[in-house]
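Taking it in order: structure first as structure tokens, then the write-up.
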Amino acid sequence: MKVKMRRSGGNMVKITPATIPIIDAFERNEGCIMCSVWLKDEFQSMELVEDNEVSMDQAFRRDVADASGFCNRHMHVLYRTVFGGGIPDGLGYAMYVQDSIEKFHETIQTIYTSFNEVGKKSLNFLSKERTPQAVIESSGGKLEKMLQGTRICEICRRMLLADARRTRTLVDMVGHDEDFAEKFGKTGRLCYPHFVSAIQMVPTRRVKKKAVAAQLVAMELRCLKETGNLLADGGRASPEMAAMMIGGVEGLYCFTKKTSNPTVLAQAEGRGKR
Ligand SMILES: [Zn+2]
Ligand SMILES: [Zn+2]
Numbered sequence: 011m012k013v014k015m016r017r018s019g020g021n022m023v024k025i026t027p028a029t030i031p032i033i034d035a036f037e038r039n040e041g042c043i044m045c046s047v048w049l050k051d052e053f054q055s056m057e058l059v060e061d062n063e064v065s066m067d068q069a070f071r072r073d074v075a076d077a078s079g080f081c082n083r084h085m086h087v088l089y090r091t092v093f094g095g096g097i098p099d100g101l102g103y104a105m106y107v108q109d110s111i112e113k114f115h116e117t118i119q120t121i122y123t124s125f126n127e128v129g130k131k132s133l134n135f136l137s138k139e140r141t142p143q144a145v146i147e148s149s150g151g152k153l154e155k156m157l158q159g160t161r162i163c164e165i166c167r168r169m170l171l172a173d174a175r176r177t178r179t180l181v182d183m184v185g186h187d188e189d190f191a192e193k194f195g196k197t198g199r200l201c202y203p204h205f206v207s208a209i210q211m212v213p214t215r216r217v218k219k220k221a222v223a224a225q226l227v228a229m230e231l232r233c234l235k236e237t238g239n240l241l242a243d244g245g246r247a248s249p250e251m252a253a254m255m256i257g258g259v260e261g262l263y264c265f266t267k268k269t270s271n272p273t274v275l276a277q278a279e280g281r282g283k284r
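Residues are numbered in this note's numbering as their position in the sequence shown, beginning at 1, plus a constant of 10.
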């Protein structure tokens with residue numbers, strides 16, 4: 011690929027489709043570079059799944075249905091984006107929800123049928139669940155399985171893959187582009203979770219690993235110091251920025267599956283042991 015150069019604050023950096031979002035975020039200077047792109051990517055993912063061609067694609071719809079819809083976060087972000095006016099057409103949202111409702115309905119209907127059949131002595135011998143107690147006990151597991159689905163949320167999956175690709179690019183930029191590495195070392199920022207991802211990526215890249223790791227570590231030590239300074243005045247300076255630098259942007263890496271209350275299950279198991 012032909013590589014163009016762009017002057018950036020006195021330094022020359024390599025411009026490719028992969029480096030552009032990172033350089034842009036770096037120049038915007040709004041906290042963690044990767045978080046800033048993550049948020050932008052999340053909005054673009056909402057536009058993508060709401061695109062008519064995507065939401066009409068049977069294979070894609072099946073993947074979403076297998077995941078029992080989107081994760082907790084993305085059900086809400088999609089809803090807010092669509093109905094907050096971010097995307098003019100809510101048709102895709104309605105179709106994904108409709109698919110989930112159908113699957114949930116089917117599962118509940120099966121349980122409902124078992125409840126009815128357990129009373130009929132003639133049919134009991136066909137079923138593994140011969141008592142109402144057995145039907146109730148197995149329904150919890152069936153419902154839980156349906157709630158969770160069999161795949162990761164499709165938006166999470168895409169975002170995590172894209173984040174990994176960007177992290178690789180960032181590590182390569184620090185490893186191969188001296189000008190960028192120097193600027194990044196002085197003013198670049200990564201939140202703590204993204205710093206961890208970057209360090210984990212270093213051994214897999216063809217870069218001078220020790221130099222790149224040292225550069226990343228020095229950068230993060232500076233970031234943590236800056237974050238500490240943000241909290242110096244009782245947290246009033248910029249508590250939001252401090253939260254983002256420690257935990258990453260809201261929703262980062264939280265592919266929160268829809269799941270039933272884990273303490274309910276623990277209580278049921280506890281009762282079983284007694
Ligand atoms: Zn981050
Ligand atoms: Zn998700």
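Note that the Cβ used here is the ideal one computed from N, Cα and C, for glycine as well.
Owing to the predicted nature of the structure, the values given are computational and were not obtained by experimental measurement.
Taking the Cβ atom as the reference point for each residue, do Thr177 and Met229 lie within a distance shorter than 8 Å?
Counting from 1 along the sequence shown, the entry for residue 177 is found at position 167. Counting from 1 along the sequence shown, the entry for residue 229 is found at position 219. No, these two residues do not count as a Cβ contact at 8 Å.
Do Ser78 and Lys113 come within 8 Å of each other at the CB atom, strictly closer than that value?
Here the question's residue 113 lines up with position 103 in the sequence shown. Here the question's residue 78 lines up with position 68 in the sequence shown. Taking 8 Å as the Cβ cut-off, Lys113 and Ser78 qualify as a contacting pair.
Whose C-beta lies closer than 7 Å to the C-beta of His186 among residues of the same chain, with five residues either side of it excluded?
On the sequence shown, residue 186 is found 176 positions in, with the first residue counted as 1. Excluding residues within five positions, the ones whose Cβ falls inside 7 Å are Val217.
CA-CA distance, Ala223 and Ser207?
In the sequence shown, counting from the first residue as 1, residue 223 sits at position 213. In the sequence shown, counting from the first residue as 1, residue 207 sits at position 197. In a straight line, the C-alpha of Ala223 is about 12 Å away from that of Ser207.
According to DSSP, is Gly257 part of a helix, a strand, or is it coil?
The residue you call residue 257 lines up with position 247 of the sequence shown. In this structure, Gly257 counts as helix in the three-state DSSP scheme.
Any chance the CB of Val259 is under 7 Å from a heavy atom of ligand 1?
Within the sequence shown, numbered from 1, the residue matching residue 259 stands at position 249. At least one heavy atom of ligand 1 is nearer than 7 Å to the Cβ of Val259, so yes.
Using the C-alpha atoms, what's the distance from Val107 back to Val92?
Counting from 1 along the sequence shown, the entry for residue 92 is found at position 82. Counting from 1 along the sequence shown, the entry for residue 107 is found at position 97. Using only the alpha carbons, I get a separation of about 13 Å.
Determine the DSSP secondary structure at Asp67, reduced to helix, strand or coil.
Indexing the sequence shown from 1 puts residue 67 at position 57. DSSP places Asp67 in coil when its eight states are reduced to three.
Burial state of Thr179, where buried means 16 or more other Cβ atoms lie within 10 Å:
Within the sequence shown, numbered from 1, the residue matching residue 179 stands at position 169. With 16 or more Cβ atoms within 10 Å of its Cβ, Thr179 is classed as buried.
Closer than 7 Å to a non-hydrogen atom of ligand 1 - does that hold for the CB of Cys201?
Residue 201 sits at position 191 when you count from the first residue of the sequence shown. Cys201 Cβ: within cutoff of ligand 1.
Please check the pair Arg83 and Gly261, which I expect to be a contact at CB under 8 Å, by giving their CB distance rounded to whole angstroms.
As a first step, residue 83 must be located in the sequence shown, where it is residue number 73. As a first step, residue 261 must be located in the sequence shown, where it is residue number 251. Confirmed, Cβ separation roughly 5 Å.
Is Glu260 close to chain C, meaning its C-beta is less than 8 Å from at least one C-beta of that chain?
Absent from the structure: chain C. Only one protein chain is present.
Counting only runs that start and end within the segment 173-226, where is the alpha helix (DSSP H) found for 4 or more residues in a row?
188-197, 202-211
How far does the alpha helix (DSSP H) with Lys155 in it reach, from first residue to last?
Locating residue 155 in the sequence shown gives position 145, counting from the first residue. Segment 142-158, the alpha helix (DSSP H) holding Lys155.
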